[in-house]
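Notes for the one structure printed next.
In the working numbering, the protein residues as written are 628 to 978.
In structure tokens, the structure reads:
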């Protein structure tokens with residue numbers, strides 16, 4: 628009975644709408660009292676209640692607020708921590724577990740599908756790390772603008788020029804939390820923080836204009852942001868980023884439209900939506916052709932990296948992945964192309 632009550636309180640709309648503060652209290656209190664017990668309770672009860680969440684809640688496509696989605700930063704940080712602790716880790720983020728805290732550990736258990744999601748986040752992080760180093764070194768980038776930075780730690784863990792100006796933009800509560808947790812750490816470049824809600828168009832345009840004046844070449848990063856925005860908002864952001872002439876590069880992850888078609892079949896995503904968005908659909912931006920979409924707003928694709936192919940290169944693909952790849956290339960090439968580009972990292976360059 629207690630287990631069911633806690634789950635309903637944490638995940639069901641009744642808890643998220645009427646008792647948001649109590650929901651947070653139970654996450655923090657229960658976990659602080661007994662981590663192993665808390666984890667066990669969620670692991671056992673999540674599978675029992677999954678059908679209740681999926682079929683008892685209507686999913687719609689209302690716009691999800693940035694404040695709700697900003698909480699995913701704890702979850703992503705925990706996935707980076709789990710990857711870091713592997714013997715064959717693709718990335719090393721020694722700050723991730725500290726930032727994720729008890730909330731991040733609990734959320735990983737609530738959402739489920741831990742291994743698969745950890746691998747996906749690890750590959751995404753690895754590829755973006757690699758592209759950042761390449762562009763900064765080869766293109767003479769003097770400013771990096773990380774929008775919706777969350778609990779990202781690249782200024783502390785990547786080998787970057789000490790003169791590089793790195794600007795993190797996010798909501799005040801996210802940045803203040805990160806600054807407090809990392810107050811004794813020294814960034815490897817010139818790190819700045821800007822408290823800003825990116826949905827405020829006038830404020831973000833003013834910020835972009837201000838940064839443009841002081842910079843020669845800007846690299847913009849929107850890791851884990853675009854998929855939560857409806858297409859019209861991504862279009863506005865693309866236009867805003869193209870306006871300042873010194874904003875030359877833009878690095879982001881992009882989800883394919885095939886993900887929307889399979890959306891209702893992926894149960895962990897339903898739980899994710901229920902927790903972070905009261906049942907509203909969180910995957911909103913997944914264009915059928917990302918290249919054409921960004922070209923409309925003056926951005927050309929300079930590099931495109933398939934996360935499927937990267938998973939094979941790093942030996943993190945699904946079992947018999949090579950066999951299925953060869954088979955689909957011969958038998959169902961069109962379907963294979965869709966799968967190959969299910970998730971990509973794109974480096975865009977302004978025209």
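Positions of the beta carbon are idealized from the N, C-alpha and C atoms, including for glycine.
Restricted to the segment 749-786, the beta strand (DSSP E) segments that are unbroken, complete and at least 3 residues in length are 770-774, listed in chain order.
A distance of 8 Å or more separates the beta carbons of residue 978 and residue 929. DSSP lists 795 as the beta-bridge partner residues of residue 820. Residue 857 counts as exposed, since fewer than 16 other C-beta atoms from the protein chains shown sit within 10 angstroms of its C-beta. Here the C-alpha atom of residue 704 lies approximately 31 Å from the C-alpha atom of residue 871. For residue 933, the secondary structure class from DSSP, reduced to helix, strand or coil, is strand. In this structure, residue 830 lies away from residue 970, with their beta-carbon atoms at least 8 Å apart. Its Cα nearest to that of residue 780, the residue 708 stands out among 766, 800, 708 and 908.
Collapsing the DSSP output to three states places residue 874 in a strand. When 699, 741, 753 and 700 are compared, the shortest CA-CA separation from residue 716 is found for 753. Within the DSSP bridge table, the entry for residue 970 names 882 as partners. Residue 821 sits close to residue 794, with the two beta carbons spaced by under 8 Å. Shown here, residue 927 sits in a strand according to DSSP, grouped into three states. Close CB contacts of residue 832 within its chain, under the 8 Å cut and outside five residues either way in sequence, are with 867 and 870 (chain order). The segment 722-741 makes contact with the segment 806-815; the number of CB pairs closer than 8 Å reaches 3 or more. Between the alpha carbons of residue 728 and residue 942 lies a gap of roughly 29 Å. The alpha helix (DSSP H) runs of length 4 or more contained entirely in the segment 821-852 are, from start to end of the chain, 828-841. Residue 812 carries a coil assignment under DSSP once its states are collapsed to helix, strand and coil.
According to DSSP, residue pairing for residue 976 in a beta bridge involves 876 and 927. For residue 774, the closest of 852, 738, 903 and 714 by C-alpha to C-alpha distance is 852. Secondary structure at residue 698: coil, using DSSP grouped into helix, strand and coil.
In the displayed model, residue 725 falls within a helix according to three-state DSSP. Secondary structure at residue 921: helix, using DSSP grouped into helix, strand and coil. DSSP, read as helix, strand or coil, puts residue 803 in helix. Residue 758 and residue 878 do touch by the CB rule: their CB atoms are close to 6 Å apart, below 8 Å. When the Cα atoms are used, residue 735 and residue 726 turn out to be separated by approximately 14 Å. Here DSSP, grouped into helix, strand and coil, assigns residue 888 to helix. Its Cα nearest to that of residue 826, the residue 697 stands out among 697, 764, 939 and 973.
The three-state secondary structure of residue 716, taken from DSSP, is coil. For residue 840, same chain residues with a beta-carbon under 6 Å away, outside a window of 5 residues either side, do not exist. The alpha carbon of residue 906 has as its nearest neighbour, out of 898, 777 and 893, the alpha carbon of 898. For the set 787, 778, 791 and 814, the Cα lying nearest the Cα of residue 802 is the one of 778. The beta carbon of residue 755 lies closer than 8 Å to those of 848, 850, 878, 880 and 972 in the same chain, with the five residues before and after it left out.
When secondary structure is reduced to three states using DSSP, residue 910 falls in the coil class, being assigned neither helix nor strand. Within the model, the alpha-carbon separation for residue 782 versus residue 718 is close to 14 Å. Only residues of its own chain outside the window of five on either side were considered, and among them 718, 719, 720, 721, 723 and 724 have a CB closer than 8 Å to the CB of residue 711, listed in chain order.
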